[in-house]
Each structure stands twice: as C-alpha cells, then as structure tokens.
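S.K.: Below you'll find the structure I mean.
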Amino acid sequence: PESKKDFYSDHKSNSYDLLQRTGLIDFLNSKKEQSYIVVTYIKAICENLIDKNEFKRRSIELNINQSISFEGLNEELFDLDFRREDFVMEPGEFAVRGGIIDIFPFSSQVPYRIEFFGDEISRIRAFDIESQRSDKNFESIKIVSNILINLDKENISNIFQMIKKNCLIFLEDIEIISDELNDFLDLDFGFANVERAPSSIEMFMNGAHLATGRFEVGNVNLNAETSNNLDVTLNFKNGSFYATATAFRN
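Here the sequence shown is numbered in our numbering, starting from 916 and rising by one per residue.
Now the structure itself:
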C-alpha cells in the first residue's frame, strides 16, 4: 500500500500501511529466488522508495549468541531515529530495562524483546503489547527503521528497479489507472509558427561583403522563411520528488 497519513494525525504515517510497505521492500531487496505475486495500485507504485543501499543502512540484523555492545545497540537505535520510551507501544519505539531491550521495528507486525548476557544476545522473543508477555522465540531478526525519513534524490528508487527483469505485469481497469496517474502527471504541449521576411541584404546584395570579403549576390525573388516549432513537456510530481522531460522539434 501507499504510506497514507494516520487518521488521527496530520504528520504520522499509518503504521499498518508502513509495516506492509517495509516488509515488501525487505522481501524484494533480499536474494530469494522463489516466485511471488505483488498486488498493488497506482498510487502505491508512484510513491518514492529508498534504494537497496539506503535500506541496508537503515537495517540491523540480530542473532542469538551474537556479540554486540548493549550500549552500542542503544546508540544505533537512536541513530536510526527510534524513540526511547518507558514501554513499547508502536513501530519506531524501543525501551530499556536492565539487560533487556524491547524494540518495535517497521519490519514486523509485533515487537521483539532482546535479552542480553553481558554483551551477547542470549534470547530473542516476540511479545504482546497489551500484556507485555513474551511468546515466540526467534534465532534471528531484522530491525528496520522508518523508511520515509530523510528521503532525498540521492537515495530514491522505485518498485520497478527492485522486481525481477523478467516479471509479468498485469493491469486491470486502464481507465481508473489513467485517472489516478493524472494526479501525478502533467502534460504540456507548445506550438509556434514563426515567419521571417528576407532582409534587404539578402535580396539586393551584389558585390563583396565588407566584413567577410566574400562576393555575394542577392535574390529579389526570395520568399519569407517559415518555421513550425513543437515541444512536448511531461512533468511528474510526487511529494518532494519532481521530474520533467521535454521533447522539441523544429
């Protein structure tokens, strides 16, 4: 899905949509060779994505028995724009209690509880937000931060750069797709007809040109010059991203 604004906030994105979007990008960026089907719609496709390198930079992989500094992981989470809270309630938050770090990443539908023994991860479990009780154990997990923060032209990608080159794309209801594309695209046409009458020199010159020294002969029968100019400009705007392409013919 597209990362729509939360119904109760003008600034935050809907967490459920963002979790699904992050999960798909994680899957497409992985090296899995199995076949898959992606069902989406035009507004979600047109939305900017971070590229593979930026996605990797915003991710942390954690494993059982991994040696990692407890304080160092805290700092990494701050660097990835996670917020430290007393209790984890929503994606983008983490909490610290003793030798335990609770994290709710944007790559999972549930938060994780990371237990440390010194500077080594001893256990990773999912837990319930309401009861705070741990349940399922994991051998490894991936922590992904908010993929919508700090998007700029240096790290922008799109879904077509992530899917396989030999994939099949099916479209349903072209009219609806065309209408939705109009929200992002703007097409401008320009046409100009220019006519220029021959100058007196071009018509009546008969002798050496004072500047060039060339011998020139005018033609009193010259007709006016006509030029037809056509230009087509396509503009694409999606949030802070803007692109334009122009074709010109004379």
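Backbone N, C-alpha and C define an ideal beta-carbon position, used for all residues, glycine too. Since we're looking at a predicted model, the values are computed, not measured.
Under the three-state reduction of DSSP, which class applies to D1103: helix, strand or coil?
M.R.: Here residue 1103 is taken as the residue at index 188 of the sequence shown, counted from 1. Three-state result, D1103: strand.
S.K.: Taking buried to mean at least 16 other C-beta atoms within 10 Å of its own C-beta, is S924 buried or exposed?
M.R.: Translated into positions along the sequence shown, residue 924 becomes position 9. Because S924 carries a pLDDT of 49, less than 50, the predicted location of this residue cannot be relied on, and no value is offered for it.
S.K.: Could you tell me the alpha carbon to alpha carbon distance between I1078 and L943, rounded to whole angstroms?
M.R.: Translated into the one-based positions of the sequence shown, residue 1078 becomes position 163. Translated into the one-based positions of the sequence shown, residue 943 becomes position 28. Approximately 6 Å, taken between the alpha carbons.
S.K.: Output yes or no for whether 8 Å exceeds the beta carbon distance between M1120 and V1132.
M.R.: Start at 1 with the first residue of the sequence shown, and residue 1120 comes out as number 205. Start at 1 with the first residue of the sequence shown, and residue 1132 comes out as number 217. Taking 8 Å as the Cβ cut-off, M1120 and V1132 qualify as a contacting pair.
S.K.: Please return the same chain residues whose Cβ sits closer than 7 Å to the Cβ of R938, not counting the five positions on each side in sequence.
M.R.: As a first step, residue 938 must be located in the sequence shown, where it is residue number 23. Going by the sequence as given, residue 938 is Gly instead of Arg. So the qualifying residues of the chain are S1022.
S.K.: Buried or exposed, going by whether 16 or more other CB atoms sit within 10 Å of the CB of Y1027?
M.R.: Taking the first residue of the sequence shown as 1, we reach residue 1027 at position 112. That one is buried.
S.K.: Inspect the beta-carbon positions of S1072 and V1109 and report whether they are closer than 8 Å.
M.R.: Within the sequence shown, numbered from 1, the residue matching residue 1072 stands at position 157. Within the sequence shown, numbered from 1, the residue matching residue 1109 stands at position 194. Contact: no.
S.K.: Short of 8 Å in beta carbon distance, which residues of its chain neighbour F1167, apart from the five on each side in sequence? Order them along the chain.
M.R.: Past the boundaries of the shown model lies residue 1167; the chain is included only from 916 to 1165, so the question cannot be answered.
S.K.: On the three-state DSSP scale, how would you describe Y951?
M.R.: In the sequence shown, residue 951 corresponds to position 36, counting from 1. Note: Y951 maps to coil in three-state DSSP.
S.K.: For the segment 965 to 982 and the segment 999 to 1006, state whether three or more C-beta atom pairs, one from each stretch, are separated by less than 8 Å.
M.R.: Cβ pair count under 8 Å is below three, so no.
S.K.: Report the three-state DSSP secondary structure of S930 (helix, strand or coil).
M.R.: Looking up residue 930 in the sequence shown gives position 15. Helix at S930.
S.K.: Excluding the five sequence neighbours on either side, which residues of its own chain have a C-beta within less than 6 Å of the C-beta of E1008, listed in chain order?
M.R.: Along the sequence shown, one-based indexing puts residue 1008 at 93. Contacts found: R998, E1000, F1019.
S.K.: Going by the beta-carbon positions, is the gap between E976 and S1055 smaller than 8 Å?
M.R.: Taking the sequence shown and counting its residues from 1, the one referred to as residue 976 is at position 61. Taking the sequence shown and counting its residues from 1, the one referred to as residue 1055 is at position 140. Yes; because the gap between Cβ atoms is below 8 Å, this pair is in contact.
S.K.: Please tell me whether E1087 and R1111 are closer than 8 Å, where the distance is taken between their beta carbons.
M.R.: Sequence index remark: in the sequence shown, residue 1087 carries index 172 (1-based). Sequence index remark: in the sequence shown, residue 1111 carries index 196 (1-based). Contact: no.
S.K.: Using three-state DSSP, classify F1080 as helix, strand or coil.
M.R.: By 1-based counting over the sequence shown, the position of residue 1080 is 165. Looking at the sequence provided, one finds Lys at residue 1080 rather than Phe. If DSSP states are grouped into helix, strand and coil, K1080 belongs with coil.
S.K.: Only counting the same chain, and skipping five residues up and downstream in sequence, which positions put a Cβ closer than 6 Å to that of N1144?
M.R.: Counted from its first residue, the sequence shown places residue 1144 at position 229. Contacts found: A1107, N1165.
S.K.: Opposite T937 in the DSSP bridges: which residues?
M.R.: Along the sequence shown, one-based indexing puts residue 937 at 22. DSSP, once it has assigned bridges, lists no residue as partnering T937.
S.K.: On a Cα-Cα basis, can you pick out the residue from F993, T1127, F1151 that is closest to D1101?
M.R.: The residue labelled residue 1101 in the question sits at position 186 within the sequence shown. Nearest C-alpha to D1101: F1151.
S.K.: Would you kindly check if the distance between the Cβ of Q949 and the Cβ of E1035 is under 8 Å?
M.R.: Position 120 of the sequence shown, counting from 1, holds the residue named residue 1035. Position 34 of the sequence shown, counting from 1, holds the residue named residue 949. Contact flag unset, no.
S.K.: Measuring only the C-alpha atoms, how far is L964 from F1075?
M.R.: Position 49 of the sequence shown, counted from the start, is the residue given in the question as residue 964. Position 160 of the sequence shown, counted from the start, is the residue given in the question as residue 1075. Taking the straight line from one Cα to the other gives about 10 Å.
S.K.: Here's the rule I'm using: 16 or more other beta-carbon atoms within 10 Å means buried, otherwise exposed. How should S1060 be labelled?
M.R.: Numbered from its first residue, the sequence shown carries residue 1060 at position 145. Per the 10 Å Cβ criterion, buried.
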